[in-house]
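> Can you keep this structure in mind? I'll have questions shortly.
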Amino acid sequence: MTLSTRTSTGYVEDFSPGRGALPPRAWYASSDAPSLSLGGSWRFRLSGTAGAEDDSFAAQGHDAGSWAEIAVPGHWVLQGHGAPAYTNHVYPFPVDPPRVPTENPTGDHLRYFDLPAHWPAPGDGDAVLRFDGVESCARVWLNGTELGEFKGSRLPHEFAVGRLLKTVDNVLAVRVHQWSAGSYLEDQDQWWLPGIFRDVTLLHRPVDSARDFFVHASYDHARGTGTLRVDSDAAGRVTVPDLGIDVTTGEDVTVPVEPWSAEIPRLYDGVLDTGGERVPLRIGFRTVELSDGLIKVNGRAVLFKGVNRHEWHPETGRTPAPETMREDVLLMKRHNVNAVRTSHYPPHPAFLDLCDEYGLWVIDECDLETHGFTEQGWRDNPVDDDRWTPALLDRAARTVERDKNHPSVVIWSLGNEAGTGRGLTAMAEWIHGRDPSRLVHYEGDIDCRDTDMYSRMYAGHAEVERIGRHLDGGTLKRRRLPFILCEYAHAMGNGPGGLADYQRLFERYDRLQGGFVWEWIDHGVKDERYGYAYGGDFGEELHDGNFVCDGLLFPDRRPSPGLAEYKKVIEPVAIEGDARGGTIRVTDKYDFADLSGLAFTWSYEVNGESVASGELEVPALSPGAWADVKLPQPPPAAPAGEALWTVRAVLAADTAWARRGHEVAWGQFPVSARTVPAFPALVRPVRADGLITLGPAAFDARTGALRRCGDVEVTGLRLDVWRATTDNDDGADWQKGVRLGPLWRTLGLHRMRHRLDAVERDDDGLTVRTRVAPAARELALSTVYRWQSDGDRLRLTVSVEPEGDWTVPLPRLGIRFGLSAADRVRWFGGGPGEAYPDTRTAAVVGRWESSVDSMQTPYVRPQENGARIGVRWAELGGLRVEGDPAFLLTARRWTTEHLDAAAHRTDLTPGDTVWVNLDHAQHGIGSQSCGPGPLPQYHLHAEPAEFTFVFSAAG
């Protein structure tokens with residue numbers, strides 16, 4: 004066959020979803036029919052425009068010897084051909100739908116393959132070529148015959164190819180365009196990454212093979228029975244051995260079953276046998292309904308403790324390996340996450356298999372977002388233009404048909420941030436008609452005309468509470484619907500703060516059925532220049548910087564402090580009360596599971612060290628039930644000091660997702676308060692040789708600056724109010740409210756001047772009076788350092804008095820100083836990780852030890868990090884520091900100024916000095932990178948303050 008030496012590109016800008024593909028159908032991982040993965044090394048040629056090369060490359064015998072090779076699945080821009088680009092919502096090309104730029108990177112792909120020896124002979128059935136994901140538009144040939152073209156990047160497309168296959172020397176040719184009309188429907192907040200990025204598979208289709216089928220498996224919670232019916236395009240039989248089921252397709256059968264839920268994901272193995280093919284089934288019985296204004300599963304309201312998950316790997320982009328997907332699910336389960344929103348497209352179908360197996364509620368979202376049209380007031384938005392409706396319906400159908408047999412999928416989502424319009428209504432109507440067994444979600448449907456729940460993103464705490472109290476207004480239908488936060492707690496950089504405050508609202512008001520933290524993982528691209536790259540690092544004309552790094556996991560999948568906080572906040576067992584009375588209250592906060600799978604332990608601790616421990620008898624409470632549990636008597640030989648109980652709930656046996664002993668929940672309860680040791684001022688300061696000595700310390704006689712304490716040299720000790728602003732401090736340019744990061748810089752808090760007013764000696768100490776203020780402002784902090792000694796120890800009392808009209812909170816308030824040598828840090832207080840006023844729920848009071856380097860939190864964009872909260876005492880660099888009250892501790896090998904100036908981790912070079920911050924307080928974190936700032940109770944107001952530190956030699 005002679006292919007055209009001219010190139011047709013009209014399909015690239017066509018409104019239609021494509022041509023030639025088979026109708027969508029259910030996806031399943033395997034059957035007894037042969038299949039052949041076509042993944043591996045493909046020949047590749049990149050052109051700068053859609054029509055730069057003709058179609059002759061698809062012909063058999065075309066010489067591609069000079070072409071490059073790339074891995075499929077994969078993105079060519081992550082394999083040295085072009086570069087990735089990141090935008091949050093603006094289109095990186097002129098908006099003129101459905102037209103796209105002439106400059107349109109186009110990748111021609113060739114895959115040569117032979118059929119395996121076991122492949123059935125020609126005429127014995129048919130064959131299907133399946134693409135699970137190609138961005139953004141593909142045209143396909145097999146052995147020189149054009150099969151068709153398609154759009155819909157994160158959706159499957161199949162072509163009938165049986166008549167074209169040869170035993171050997173098959174040539175599969177695929178032309179992929181980065182930009183197409185479909186790009187207008189795929190403006191999700193992520194990297195633009197063209198390529199064949201999901202599996203390509205050749206499937207044999209035997210005579211009488213299974214085509215499409217729909218597993219209906221409902222559960223009657225009142226009777227404890229499940230009803231199974233498998234509708235199939237090909238007639239056959241359905242067997243479920245564990246239930247004694249053997250029925251024909253299309254036949255209802257009702258039997259006693261154990262239901263499926265995210266907490267107890269009971270699956271039954273079955274088989275669909277159509278005569279020509281046997282397809283394994285994994286069946287979960289459950290019923291999803293809207294009842295009494297609530298989302299209920301199996302008759303019970305559910306509380307979503309969820310995350311939004313983009314598919315991401317720092318080296319392969321949206322091509323995560325199976326083990327990476329499994330790692331994600333295991334991490335979610337181990338951190339008490341019970342739900343996933345597949346933002347903003349259907350995931351690889353194997354991920355949903357894992358959700359079925361391990362137990363996660365899923366909001367399955369269609370591959371649709373047109374957010375960039377907000378820049379023109381939603382004018383020409385495709386979802387309100389009938390010409391686009393067939394493409395929208397195609398995307399809805401391919402989502403639903405592919406994933407309809409997953410019990411984990413309880414809600415379909417029409418897409419994300421696509422405005423409103425007739426096309427969305429058409430999608431909702433089609434989905435409701437095709438699958439009435441699930442609910443429909445779409446956050447942009449503010450009046451809930453087409454959807455089954457009221458959904459919002461980034462609503463503040465006060466508004467969420469009004470919604471919970473049904474005081475939000477809106478249409479009558481909306482007021483009668485449940486509410487979810489489909490996105491909240493933007494996890495960008497240090498944070499998110501305020502998680503515990505949200506969770507209290509979710510648990511207080513039935514209408515609030517939880518939320519989904521944005522998002523699961525930072526989308527940092529592994530890069531030898533920066534460690535991990537983000538928007539702008541590849542020379543993009545338009546980009547949104549590190550807004551793409553906003554996850555609870557770092558790019559390498561290490562959990563961030565935000566995930567540790569979220570795990571604690573959403574733990575499914577409440578362990579609380581006042582242990583001074585000898586009892587605590589344990590509450591089962593699961594929706595379905597009792598506590599029989601957990602064991603409870605206690606530890607009695609004094610000054611951060613356990614002096615006794617044991618097991619605690621807790622009844623196997625049912626969901627929602629509580630019990631008051633008596634603690635043992637404190638050990639009679641326990642030493643004096645600050646005492647507390649720690650009670651933990653751990654797995655009593657191995658599970659599919661964690662080993663026996665894995666901690667699920669914990670609580671701590673003070674028994675006796677901390678006693679601050681007495682400090683008599685016994686030593687007079689003495690001046691000699693330009694120094695003032697006071698006990699173990701020496702000061703500069705002229706400036707009053709501390710030079711050493713004992714044998715430890717100290718530099719630069721002074722009041723500090725600045726922190727390297729976090730992403731949440733800085734907020735976003737489009738936000739209308741106050742953004743404290745920029746305001747702090749405008750006021751000059753990052754360049755405070757320290758004026759020395761007096762150095763005064765008296766009989767029992769040294770007083771240094773200063774005024775700390777920014778240039779060009781009358782605002783100031785009158786600061787007095789009062790030094791005293793008992794001979795062996797040195798006490799510093801810092802008194803701060805604001806001057807002027809301070810209308811903004813401070814970033815921090817404390818002292819900082821440098822130590823010439825420090826590596827190991829020991830402390831008694833909150834740990835093991837960082838914590839701030841509104842992110843401290845997960846801080847466990849105890850004794851901890853770390854290296855200075857390990858105390859740093861490696862945010863992709865460097866910023867304030869690493870504070871340990873509630874510290875009673877700390878030892879580092881030969882010094883012991885005790886605080887009154889407890890303080891926040893930070894230690895790092897670079898200054899705050901260096902941290903503030905860094906754009907990437909590689910900008911930070913360790914110096915010879917370890918800089919220590921002892922903070923009386925810090926401002927809260929919040930989530931204003933895309934949401935509300937810290938709640939008022941976490942603001943650090945400029946007001947009179949006094950705090951004390953006692954320095955001595957480390958023991």
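For the record, in the sequence shown the residue sitting at position 490 is 493 according to my numbering, with numbers rising by one throughout. Quick reminder that beta carbons are idealized off the backbone N, C-alpha and C, glycines included.
Just verifying my parser: in three-state terms, what is the DSSP assignment at H374?
By one-based count along the sequence shown, residue 374 stands at place 371. H374: helix per DSSP, three-state reduction.
> Starting from the C-beta of E16, find all residues in its chain whose C-beta is less than 8 Å away, skip the five residues before and the five after it, and write them out in chain order.
Within the sequence shown, residue 16 is the residue found at index 13, counting from 1. So the list reads P101, R102, V103, S183 and A184, once near-sequence residues are dropped.
> Between the beta-carbon of L601 and the beta-carbon of A652, is there less than 8 Å?
Position 598 of the sequence shown, counting from 1, holds the residue named residue 601. Position 649 of the sequence shown, counting from 1, holds the residue named residue 652. Yes, the pair counts as a contact, with Cβ atoms nearer than the cut-off.
> By the 10 Å Cβ neighbour count, where 16 or more other Cβ atoms means buried, how is H757 classified, buried or exposed?
As a first step, residue 757 must be located in the sequence shown, where it is residue number 754. Exposed.
> Leaving aside the five residues before and after E138 along the sequence, list all residues of the same chain whose C-beta is less than 7 Å from its C-beta, in chain order.
Counting from one through the sequence shown, the residue named residue 138 turns up at place 135. Within the same chain, E138 has close Cβ partners S156, L196, P197, G198 and F200.
> Residues in its own chain within less than 8 Å of P562 by CB, not counting five upstream and five downstream?
Mapped onto the sequence shown, residue 562 falls at position 559. Excluding sequence neighbours, P562 sits near L334, H338, L555 and L556.
> Can at least three beta-carbon pairs, one atom from the segment 881-899 and one from the segment 949-956, be found at a separation below 8 Å?
A contact exists between the segment 881-899 and the segment 949-956.
> Whole angstroms are fine: how far does the CA of W660 sit from the CA of K336?
On the sequence shown, position 333 is the one that residue 336 refers to. On the sequence shown, position 657 is the one that residue 660 refers to. If I take the Cα positions, the gap works out to 7 Å.
> Quick one: Cα of D765 to Cα of A691, how far?
Against the sequence shown, residue 765 aligns to sequence position 762. Against the sequence shown, residue 691 aligns to sequence position 688. Taking the straight line from one Cα to the other gives about 15 Å.
> Could you tell me which whole beta strand (DSSP E) segments of length 3 or greater appear in the segment 283-348?
Whole beta strand (DSSP E) segments, 3+ residues: 291-294, 297-300, 307-311 and 342-344.
> Tell me the start and end of each unbroken beta strand (DSSP E) in the segment 534-563 that is at least 3 residues and wholly inside, in chain order.
Within the segment 534-563, the complete beta strand (DSSP E) runs of at least 3 residues are 534-536.
> Report yes or no: do the segment 509-518 and the segment 848-865 share at least 3 C-beta pairs separated by less than 8 Å?
Cβ pair count under 8 Å is below three, so no.
> Since I believe R398 is in contact with D370 (beta carbons under 8 Å), could you give me their beta-carbon distance rounded to a whole number of angstroms?
Sequence index remark: in the sequence shown, residue 370 carries index 367 (1-based). Sequence index remark: in the sequence shown, residue 398 carries index 395 (1-based). Right, their Cβ atoms sit about 6 Å apart.
> Determine the extent of the beta strand (DSSP E) in which W747 is found, giving its start and end residues.
For this step, residue 747 is matched to residue 744 along the sequence shown. No beta strand (DSSP E) holds W747; the alpha helix (DSSP H) holding it covers L743 to L750.
> Any idea if Q940 is buried or exposed, counting beta-carbon neighbours within 10 angstroms, 16 or more meaning buried?
For the purposes of this step, residue 940 is taken as the residue at position 937 of the sequence shown. With fewer than 16 other Cβ atoms within 10 Å, it is exposed.
> Would E949 and V801 be called neighbours here (beta carbons separated by less than 8 Å)?
Within the sequence shown, residue 949 is the residue found at index 946, counting from 1. Within the sequence shown, residue 801 is the residue found at index 798, counting from 1. Yes. Within cutoff.
> Under 8 Å: do the segment 231-247 and the segment 297-305 share three or more Cβ pairs, one atom per stretch?
The segment 231-247 is not in contact with the segment 297-305.
> Kindly confirm or deny that the segment 913-932 and the segment 806-815 touch, where touching means at least three C-beta pairs closer than 8 Å.
At 8 Å Cβ cutoff, the stretches touch.
> Exposed or buried, which one is Q636 when buried takes at least 16 other CB atoms within 10 Å?
Here residue 636 refers to the residue found at position 633 when the sequence shown is read from its first residue. Exposed, since its Cβ has fewer than 16 Cβ neighbours within 10 Å.
> Hey, which unbroken runs of the alpha helix (DSSP H) at 4 residues or more fall wholly within the segment 731-799?
Whole alpha helix (DSSP H) segments, 4+ residues: 743-750.
> Using only CA atoms, which one of Y593, I578, R583 and A596 lies nearest to T604?
Sequence index remark: in the sequence shown, residue 604 carries index 601 (1-based). Nearest of Y593, I578, R583 and A596 to T604, Cα basis: I578.
> With distances taken from CA atoms, which of L902, A735, L598 and V403 is nearest P27?
Numbered from 1 along the sequence shown, position 24 holds the residue referred to as residue 27. When each option's Cα is compared against that of P27, the closest is V403.
> Would you report the Cα separation of R774 and L784, rounded to the nearest angstrom?
Position 771 of the sequence shown, counting from 1, holds the residue named residue 774. Position 781 of the sequence shown, counting from 1, holds the residue named residue 784. Cα to Cα, R774 sits roughly 6 Å from L784.
> I'd like the list of long-range same chain contacts for G320, defined as Cβ closer than 6 Å, with 5 residues on each side in sequence excluded.
Counting from one through the sequence shown, the residue named residue 320 turns up at place 317. Around G320: H78, L81 and L196.
> Starting from the C-beta of G751, find all residues in its chain whose C-beta is less than 8 Å away, skip the five residues before and the five after it, and write them out in chain order.
Locating residue 751 in the sequence shown gives position 748, where the first residue counts as 1. Answer for G751: P777, A778, A779 and R780, listed in chain order.
> Could you give the DSSP three-state label for K169: helix, strand or coil?
Locating residue 169 in the sequence shown gives position 166, where the first residue counts as 1. Three-state DSSP puts K169 in coil, outside helix and strand.
> Which partner residues does T718 have in the DSSP bridge list?
Within the sequence shown, residue 718 is the residue found at index 715, counting from 1. Per DSSP, G821.
> Assign C358 to one of three DSSP states: helix, strand, or coil.
As a working note, residue 358 is residue 355 in the sequence shown. Of the three classes helix, strand and coil, the one that applies to C358 here is helix, per DSSP.
> Secondary structure at K529, three-state DSSP: helix, strand or coil?
Numbered from its first residue, the sequence shown carries residue 529 at position 526. Strand at K529.
> Using the C-alpha atoms, what's the distance from G698 back to A704?
Taking the sequence shown and counting its residues from 1, the one referred to as residue 704 is at position 701. Taking the sequence shown and counting its residues from 1, the one referred to as residue 698 is at position 695. Using only the alpha carbons, I get a separation of about 15 Å.
> DSSP has E949 in a bridge; who is on the other side?
Counting from 1 along the sequence shown, the entry for residue 949 is found at position 946. E949 is bridged to S802.
> Between R583, E531, Y533 and E490, which has its C-alpha nearest D553's C-alpha?
For the purposes of this step, residue 553 is taken as residue 550 along the sequence shown, with counting starting at 1. Considering only alpha carbons, the answer is E490.
> Is the beta carbon of L891 less than 8 Å from the beta carbon of V874?
Indexing the sequence shown from 1 puts residue 891 at position 888. Indexing the sequence shown from 1 puts residue 874 at position 871. Yes, the Cβ-Cβ distance between L891 and V874 is below 8 Å.
> At which residues does the beta strand (DSSP E) containing L697 begin and terminate?
As a working note, residue 697 is residue 694 in the sequence shown. Start and end: L694 to L697.
> Using CA atoms only, rank isn't needed, just tell me which of Q63, E522, P97 and W433 is closest to T345.
Position 342 of the sequence shown, counting from 1, holds the residue named residue 345. Nearest of Q63, E522, P97 and W433 to T345, Cα basis: E522.
> Mind checking whether G273 and I286 have CB atoms under 8 Å apart?
The residue given as residue 273 occupies position 270 in the sequence shown. The residue given as residue 286 occupies position 283 in the sequence shown. Yes, the pair counts as a contact, with Cβ atoms nearer than the cut-off.
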